[in-house]
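S.K.:
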Amino acid sequence: MDEWIENVVEVESNIGSYPNPGTKVFQYGTSGIRYNSEHLDHVQHRMGMLVALRSIHLKSAAVGLMITASHNPQDDNGIKLIDPQGEMLDSSWEVYATELANAPNNQDVCAMLINIASKYNIDKSYIPRVYIGRDTRNSGKRLLEAVLCGVKAFKSNVEDFGIITTPMLHFFVRCYNTNYSYGQPNEHSYYTKLTNSFKTLRKMCLDLKNYSPIIEFDGANGVGALKMKDAITYLEDSLVINMHNDDILNTEKLNYKCGADFVKSNQCPPTGMTIKPHSKYVSVDGDADRIVYSFIDENNKFYLLDGDRIATLVAGYIKDLFIDSGLDVNVGLVQTAYSNGNSTKYVTEKLKVPVACVPTGVKYLHHKANDYDVGIYFEANGHGTILFKDAIRELIRNQSAIEKDEAMSLALKKLICIMDMTNETVGDAYSDMLIVESVLCERGWSISDWYKTYSDLPNRLTKVTVKDRNTFETGDAERICIKPEGLQGIIDSIVSKYSMGRSFVRPSGTEDLVRIYAEADTQFNADKLAVEVATAVYDIADGVGKKPE
Ligand SMILES: CC(=O)N[C@H]1[C@@H](OP(=O)(O)O)O[C@H](CO)[C@@H](O)[C@@H]1O
Ligand SMILES: [Mg+2]
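Here the UniProt record's numbering is used: the first residue of the sequence shown is 1, the next is one more, and so on.
#1: Would you identify the three-state DSSP class for Pro507, choosing helix, strand or coil?
#2: Can Gln399 and Pro458 be called in contact, C-beta distance under 8 Å?
#3: Output the distance between the C-alpha atoms of Lys497 and Ile323, rounded to the nearest integer angstrom.
#4: Given Ala153, which residues of its chain have a CB within under 8 Å of its CB, disregarding the five upstream and five downstream residues?
#5: Rounding to the nearest angstrom, what Cα-Cα distance links Ala518 and Asp449 in this structure?
#6: Given 7 Å as the limit, tell me if Thr166 has its C-beta closer than that to any heavy atom belonging to ligand 2.
#7: Ile82 bridges to which residues according to DSSP?
#8: The beta strand (DSSP E) that contains Thr233, what's its start and end?
#9: Ends of the alpha helix (DSSP H) at Ala52?
#10: At the level of alpha carbons, what is the spacing between Asn423 and Gly286?
#11: Unbroken alpha helix (DSSP H) runs of length 4 or more, entirely within the stretch 335-371: which are they?
#12: To which residues of the same chain is Pro128 closer than 6 Å at the C-beta, ignoring the five residues directly before and after it?
#13: Tell me whether His244 sits in a helix, a strand or coil according to DSSP, three-state version.
#14: Do Asp287 and ligand 2 come close, with the Cβ less than 7 Å from some heavy atom?
#15: Can you tell me which of Leu206, Asp247, Ile416, Pro213 puts its alpha carbon nearest to the alpha carbon of Ile318?
#16: Which residues in the same chain as Asp41 place their Cβ atom closer than 6 Å to its Cβ, once the five residues preceding and following it in sequence are excluded?
#17: Is DSSP giving Ile215 helix, strand or coil here?
#18: Using only alpha-carbon positions, find the residue among Ile164, Ala369, Glu473 that is nearest to Ser508.
#19: Within its chain, find whatever has a CB closer than 6 Å to the CB of Asp160; leave out the 5 residues flanking it on each side and keep chain order.
#20: In whole angstroms, what separates the C-alpha of Arg279 from that of Lys124?
#21: Which one or two residues does DSSP pair with Cys481 in a beta bridge?
#22: Residues in the same chain with beta-carbon distance under 6 Å from Ile275, minus the five sequence neighbours each way, listed in chain order, please.
#23: State the Cα-Cα distance for the pair Lys24 and Ile435, rounded to the nearest angstrom.
#24: Restricting to Cα atoms, I'd like to know which of Arg137, Gly444, Ile392, Phe172 is closest to Gly375.
#25: Tell me where the alpha helix (DSSP H) around Ala315 begins and ends.
#26: Given this structure, state the Cα-to-Cα distance separating Ala369 from Gly382, to the nearest angstrom.
#27: Tell me the DSSP bridge mates of Ala518?
#28: Taking the alpha carbon of Ala407 as the reference point, which residue from Leu321, Ser283, Pro277 has its own alpha carbon closest?
#29: What are the start and end residues of the beta strand (DSSP E) that includes Gly259?
#30: Is Ser189 near ligand 2 - that is, is its Cβ less than 7 Å away from at least one heavy atom of it?
#31: Please confirm whether Ala311 and Phe378 have their CB atoms less than 8 Å apart.
#32: Given this structure, state the Cα-to-Cα distance separating Lys345 from Val362, to the nearest angstrom.
#33: Going by other Cβ atoms of all chains shown within 10 Å of its Cβ, with 16 needed for buried, is Gln74 buried or exposed?
#34: Give me the Cα-Cα distance between Val505 and Val314, rounded to the nearest whole angstrom.
#35: Among Arg309, Ile491, Glu511, which has the Cα closest to the Cα of Asn470?
Structure follows, in C-alpha cells:
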C-alpha cells in the first residue's frame with residue numbers, strides 16, 4: 001500500500017509543481033473549499049488525488065469534482081466534491097479534504113493518503129472514475145490542469161465535461177452510478193429529461209388565468225446564462241425567456257451586483273437590466289444551483305420570492321396532488337433557522353405540512369429530507385430540491401398505470417411530470433425554475449398572486465468580523481449560541497424587547513465572519529435588533545474593524 005501511494009504521489013502526480021506556499025488556511029466548509037484562486041493550485045491538485053482515491057474506495061463508482069466558487073466574486077474559485085448518488089461528499093471525508101489542503105509539504109500529503117488508503121483497506125485494483133466540471137471563471141482552466149494532474153496520477157478514467165453548472169455535474173454522476181436509469185451523463189439527456197416532463201405537464205394546464213410564461217432571466221453573467229441559452233431550444237415556446245446579465249466573456253461581471261445571492265442579500269432588483277413593474281424576474285447564482293424570483297410593483301416597491309417562498313409553493317402543490325391522487329404519502333419540508341418565521345407558520349398551520357429545522361448547509365437539509373416519503377428542502381437563499389423515496393416513485397408509477405378514476409389518474413400523471421423535471425441530487429436553478437413555473441401555471445397565478453399567499457416577517461441578515469470565529473459554538477440547529485459563554489443570555493434579553501423578535505448568530509462556514517439574523521414586527525425593528533445583537537457579538541468576541549451601526 002505504502003509503495004503504491006508513494007509512487008502515485010511522488011512520481012506520477014508531478015507534485016513538485018504544486019507546493020503549498022503555506023500562506024493560507026483552508027477549510028472544507030458549508031459547501032466545499034473557496035478562496036482567491038491564486039492560492040488554490042496545490043489545493044486542486046490534492047483534491048484531484050483525494051477524489052480518485054474515493055472512487056477507488058467506492059469500487060470504481062463515478063465521483064464528481066466541480067471547480068467553482070458559486071456566488072463569490074470572479075477572483076475566487078474553489079471546489080465541490082460529489083458522491084456517487086449525486087449528493088455532496090460524505091462528511092467523514094470532508095475532514096481529509098481539509099487536512100490535505102493544509103498539509104505543509106509533499107511528504108505529509110503522501111502520509112495522509114497512505115493513512116486513508118489503509119484505514120479503509122482500499123483495494124488498489126479498482127480503476128477510479130472521476131467526472132469533472134467547471135464554471136465560467138478565468139482561473140478554471142488553470143485549476144483544471146492541477147486537478148487533472150492529481151486525478152490522472154491514479155490512472156483514473158476521467159470525463160471532463162468542460163463548462164457546466166454544478167447541478168448538471170451532480171446529475172451526470174448519478175446517471176453513471178444508476179446504470180443510466182436516471183438519464184445519460186450528457187447535457188442533451190439532462191435538458192431532454194427535465195424539459196420534456198415540463199412540457200408534458202404544461203399541456204395538461206388548460207386555464208392559465210393570471211399566469212404569464214414570460215421570464216426576465218438574470219444569469220449573473222455566469223454559467224447559468226450560458227446554459228439557459230441552450231435550454232431555450234429545448235423549451236421551444238413553452239416559456240418566453242428574455243436573457244439579461246448573460247455576458248460571460250466579461251468575467252469580472254460574474255455575480256457583480258446581480259444574480260441570486262446579490263438579490264437575496266441586498267433585497268433589491270439585479271442591476272444590468274431594466275426593471276419593469278409586475279414583470280417576473282428570475283435570478284440564478286454563479287454556478288446555477290440557486291434561484292430566487294422577484295418583481296417590483298407600480299410604486300417601484302421590491303418583492304422577493306426566495307427559497308422559503310419556493311418551498312411553500314411546491315409543498316402546497318405536491319400535498320394537493322397527493323390528496324387528489326388518493327395516495328397516502330408523508331410529505332415534509334426541511335428549513336434552516338434562516339427561514340422566515342411566517343413561512344414556517346404558513347406551512348405548518350395552513351398547508352399542514354410538517355417542518356424540520358436543521359443547521360445551515362445543503363448537506364444537512366438533503367440528509368433530513370430523506371426522512372420523509374417526499375422531502376422538500378430549501379435554504380432561504382434559494383438552494384433546494386425535492387426528494388422522492390424509491391418506493392414512492394414506484395408506487396406513483398404503478399398506480400398511474402392502473403388508475404381508472406380520471407381525476408386521480410390526472411394527479412398521478414402530474415406527479416410523474418414533477419418527479420421527472422426534478423434534479424433530485426442537489427439544488428438546481430433550471431429544474432427549480434421549471435417546477436415553479438409549473439405550479440404557478442397550474443394555480444393560474446401571477447407572481448404577485450404567489451406573493452400574496454402569506455407575508456414575510458421583516459428581517460435583516462448582517463455580519464460581524466471577529467478575531468476568531470472558531471470560538472463560536474451553536475446548538476439546536478444553530479438557533480442557540482453555546483459559546484462564547486454568556487452571549488445567548490444577552491441575545492435573549494435584547495430579543496425580549498422586540499415584538500415578534502427572533503435573532504440568532506452563527507459562524508459562517510464559507511467566509512471568515514459571524515452572521516447575525518434578526519426578525520421583528522417592522523423593518524425598522526428588525527434592522528435595530530440586528531444591530532443590537534451584532535454589537536453584542538462584536539463586544540464579546542473581539543470584533544475586528546468598524547463597530548456595527
Ligand atoms: C446565510 C446563508 O445564506 N448562508 C449560506 C452560506 O453559508 P455560510 O456558512 O453562512 O457562509 O453559503 C452556503 C454555501 O453556498 C449556503 O449553503 C448557506 O445557506
Ligand atoms: Mg451556488
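Glycine included, every Cβ here is placed at the ideal spot set by N, Cα and C. Just so we're clear, the structure is a prediction, and the values are computed from it rather than from any experiment.
M.R.: According to the structure data:
#1: For the purposes of this step, residue 507 is identified with residue 507 of the sequence shown, where counting begins at 1. DSSP places Pro507 in strand when its eight states are reduced to three.
#2: Within the sequence shown, the letter at position 399 stands for residue 399. Within the sequence shown, the letter at position 458 stands for residue 458. No. Outside cutoff.
#3: Within the sequence shown, the letter at position 497 stands for residue 497. Within the sequence shown, the letter at position 323 stands for residue 323. Cα-Cα distance, rounded: 43 Å.
#4: By one-based count along the sequence shown, residue 153 stands at place 153. For Ala153, where only same-chain residues beyond five positions count, the Cβ hits under 8 Å are Val8, Val9, Glu12, Ser13, Asn14, Gly48, Met49, Ala52.
#5: Taking the first residue of the sequence shown as position 1, residue 518 is located at position 518. Taking the first residue of the sequence shown as position 1, residue 449 is located at position 449. For Ala518 and Asp449, the distance between alpha carbons rounds to 27 Å.
#6: Taking the sequence shown and counting its residues from 1, one reaches residue 166 at position 166. Checking the Cβ of Thr166 against ligand 2 gives yes.
#7: Taking the first residue of the sequence shown as 1, we reach residue 82 at position 82. Partner(s): Gly64, Met88.
#8: One-based indexing of the sequence shown puts residue 233 at position 233. Unbroken run through Thr233 is the alpha helix (DSSP H), 223-235; no beta strand (DSSP E).
#9: Stepping through the sequence shown from its first residue, residue 52 is reached at position 52. Unbroken alpha helix (DSSP H) run through Ala52: 41-57.
#10: The count along the sequence shown starts at 1 and reaches residue 423 at position 423. The count along the sequence shown starts at 1 and reaches residue 286 at position 286. Approximately 18 Å between the Cα atoms of the pair.
#11: 341-345, 362-369
#12: One-based indexing of the sequence shown puts residue 128 at position 128. Around Pro128: Ala52, Ser55, Ile56, Phe154, Ser156.
#13: Start at 1 with the first residue of the sequence shown, and residue 244 comes out as number 244. In the structure shown, His244 sits in a strand (DSSP, three-state: E or B).
#14: The residue labelled residue 287 in the question sits at position 287 within the sequence shown. Flag set: Cβ of Asp287 near ligand 2.
#15: Sequence index remark: in the sequence shown, residue 318 carries index 318 (1-based). For the residues Leu206, Asp247, Ile416, Pro213, the minimum Cα distance to Ile318 belongs to Ile416.
#16: Here the question's residue 41 lines up with position 41 in the sequence shown. The answer, listed in chain order, is Tyr18, Ala146.
#17: The residue you call residue 215 lines up with position 215 of the sequence shown. Ile215 falls in the strand class under three-state DSSP.
#18: As a first step, residue 508 must be located in the sequence shown, where it is residue number 508. Of Ile164, Ala369, Glu473, the residue nearest in Cα terms is Glu473.
#19: Along the sequence shown, read from residue 1 onward, the residue named residue 160 stands at position 160. Ile132.
#20: Within the sequence shown, numbered from 1, the residue matching residue 279 stands at position 279. Within the sequence shown, numbered from 1, the residue matching residue 124 stands at position 124. A small correction: the amino acid at residue 279 is Ser; Arg does not occupy that position in the sequence shown. C-alpha separation (whole angstroms): 57 Å.
#21: Here residue 481 refers to the residue found at position 481 of the sequence shown. Beta-bridge pairing links Cys481 to Thr474.
#22: As a position in the sequence shown, residue 275 is number 275, starting the count at 1. Excluding positions up to five away in sequence, the list reads Pro269, Ile296.
#23: Within the sequence shown, numbered from 1, the residue matching residue 24 stands at position 24. Within the sequence shown, numbered from 1, the residue matching residue 435 stands at position 435. Each residue's alpha carbon lies about 41 Å from the other.
#24: The sequence position of residue 375 within the sequence shown is 375, counting from 1. Comparing Cα positions, the closest option is Ile392.
#25: Position 315 of the sequence shown holds residue 315. Here the alpha helix (DSSP H) through Ala315 covers 307-325.
#26: On the sequence shown, position 369 is the one that residue 369 refers to. On the sequence shown, position 382 is the one that residue 382 refers to. Each residue's alpha carbon lies about 16 Å from the other.
#27: Numbered from its first residue, the sequence shown carries residue 518 at position 518. Paired residue(s): Arg460, Ser503.
#28: Walking along the sequence shown from the start, residue 407 turns up at place 407. Cα-wise, what sits closest to Ala407 is Leu321.
#29: As a working mapping, residue 259 is identified with position 259 in the sequence shown. No beta strand (DSSP E) contains Gly259, which is instead part of the alpha helix (DSSP H) from 259-266.
#30: In the sequence shown, residue 189 corresponds to position 189, counting from 1. No; taking the cut-off as 7 Å, the Cβ of Ser189 has no heavy atom of ligand 2 nearer than that.
#31: On the sequence shown, residue 311 is found 311 positions in, with the first residue counted as 1. On the sequence shown, residue 378 is found 378 positions in, with the first residue counted as 1. Yes, these two residues count as a Cβ contact at 8 Å.
#32: Numbered from its first residue, the sequence shown carries residue 345 at position 345. Numbered from its first residue, the sequence shown carries residue 362 at position 362. Taking the straight line joining both Cα atoms gives about 22 Å.
#33: As a first step, residue 74 must be located in the sequence shown, where it is residue number 74. It counts as buried.
#34: Counting from one through the sequence shown, the residue named residue 505 turns up at place 505. Counting from one through the sequence shown, the residue named residue 314 turns up at place 314. Straight-line Cα distance between these residues: approximately 29 Å.
#35: Position 470 of the sequence shown, counted from the start, is the residue given in the question as residue 470. When only C-alpha atoms are compared, the closest one is Glu511.
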